[in-house]
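Participant:
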Amino acid sequence: MKQRFYSKKDPGMGFFFVILILFLLIAFFGLPYLPHTKPTPIIGQSIFGIITMATFLLMASLWYGTYYEIDNDTLICRSGPFFRKIPISAIRSVSKPKKIFLNQSYMSFGLSFTKSIISYNAYDDISISPGDFDAFVAALKLRNPEIEVV
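With the numbering used here, letter number 83 in the sequence shown gets 90, and the count goes up by one each step, no holes.
1) Assign residue 154 to one of three DSSP states: helix, strand, or coil.
2) Anyone know if the C-beta pair for residue 17 and residue 118 falls short of 9 angstroms?
3) If you measure between the beta carbons of residue 93 and residue 150, is that distance less than 9 angstroms?
4) Using the Cα positions of residue 129 and residue 32, report the straight-line distance between them to the nearest angstrom.
5) When we look at the beta-carbon of residue 69 and count the other beta-carbons within 10 Å, is it buried (16 or more) or exposed?
6) Is residue 75 closer than 9 angstroms to residue 152 when the C-beta atoms are compared?
7) Across which residues does DSSP place residue 115 in a beta bridge pair?
8) May I have the straight-line CA-CA distance separating residue 106 from residue 120, to the nearest angstrom?
9) If I follow the unbroken beta strand (DSSP E) through residue 125, where does it start and stop?
10) In this structure, how does DSSP classify residue 53 when only helix, strand and coil are distinguished?
11) What residues match up with residue 93 in a beta bridge as DSSP calls it?
12) Under a Cβ-count criterion, where at least 16 other Cβ atoms within 10 Å of its own Cβ denotes burial, should residue 122 be classed as buried or exposed?
13) Closer than 8 angstroms by C-beta to residue 34: which residues in its own chain qualify, once you throw out the five before and the five after it? Chain order, please.
14) Expressed to the nearest angstrom, what Euclidean distance is found between the alpha-carbon atoms of residue 89 and residue 50?
15) For residue 12, which residues does DSSP report across the bridge?
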């Protein structure tokens, strides 16, 4: 039975996404019309438009497609087009949520500055931010009771 837990979304992270998208849109639509600039060739505008659209689609897929799915004995962490599959039997510990803003050396699959770190295998870590941490940990511990919550 699959269980899906969506990422907690901080307003600060949403603000960052909106500012980045607005910057790209202003650059795409505004730069060709600035005074004292040469007209941009159509191929340059087309390439910049493709890059802008691809970035917009990536940001949208990250915002709406970040979740954690428990499928039998596997934890699937997905953030847009990126994902990681972790055997639940390999998970050693899950940390309680705490603010992680700078100096983050973990692969992050979360849209919040408050994250939990999953330690698995011998030396692997990943940071996540489930919206309902207690239900998420309960679902993990149901499949692997040896998981420590630190």
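C-beta: ideal position from N, C-alpha, C; glycine also.
Facilitator: The short version:
1) Locating residue 154 in the sequence shown gives position 147, where the first residue counts as 1. Coil at residue 154, not helix or strand.
2) In the sequence shown, the residue the question calls residue 17 occupies position 10. In the sequence shown, the residue the question calls residue 118 occupies position 111. Closer than 9 angstroms, so yes.
3) Here the question's residue 93 lines up with position 86 in the sequence shown. Here the question's residue 150 lines up with position 143 in the sequence shown. No. Outside cutoff.
4) As a working note, residue 129 is residue 122 in the sequence shown. As a working note, residue 32 is residue 25 in the sequence shown. Their Cα atoms are separated by approximately 44 angstroms.
5) For this step, residue 69 is matched to residue 62 along the sequence shown. Classification of residue 69: buried, given that the 10 Å Cβ count is 16 or more.
6) Counted from its first residue, the sequence shown places residue 152 at position 145. Counted from its first residue, the sequence shown places residue 75 at position 68. No, these two residues do not count as a Cβ contact at 9 angstroms.
7) To locate residue 115, count along the sequence shown from 1; it is residue 108. Looking at the DSSP assignment, residue 115 forms a beta bridge with 134.
8) On the sequence shown, residue 106 is found 99 positions in, with the first residue counted as 1. On the sequence shown, residue 120 is found 113 positions in, with the first residue counted as 1. One C-alpha to the other measures close to 6 angstroms.
9) Here residue 125 corresponds to residue number 118 of the sequence shown, with the count starting at 1. It spans 121-127 - the beta strand (DSSP E) in which residue 125 sits, taken as one unbroken run.
10) For the purposes of this step, residue 53 is taken as the residue at position 46 of the sequence shown. Residue 53: helix per DSSP, three-state reduction.
11) Along the sequence shown, read from residue 1 onward, the residue named residue 93 stands at position 86. Looking at the DSSP assignment, residue 93 forms a beta bridge with 82.
12) Within the sequence shown, the letter at position 115 stands for residue 122. Buried: at least 16 other Cβ atoms inside 10 Å.
13) By 1-based counting over the sequence shown, the position of residue 34 is 27. 55 and 59, listed in sequence order.
14) For this step, residue 89 is matched to residue 82 along the sequence shown. For this step, residue 50 is matched to residue 43 along the sequence shown. Approximately 30 angstroms between the Cα atoms of the pair.
15) The residue labelled residue 12 in the question sits at position 5 within the sequence shown. BP columns for residue 12 point to 75.
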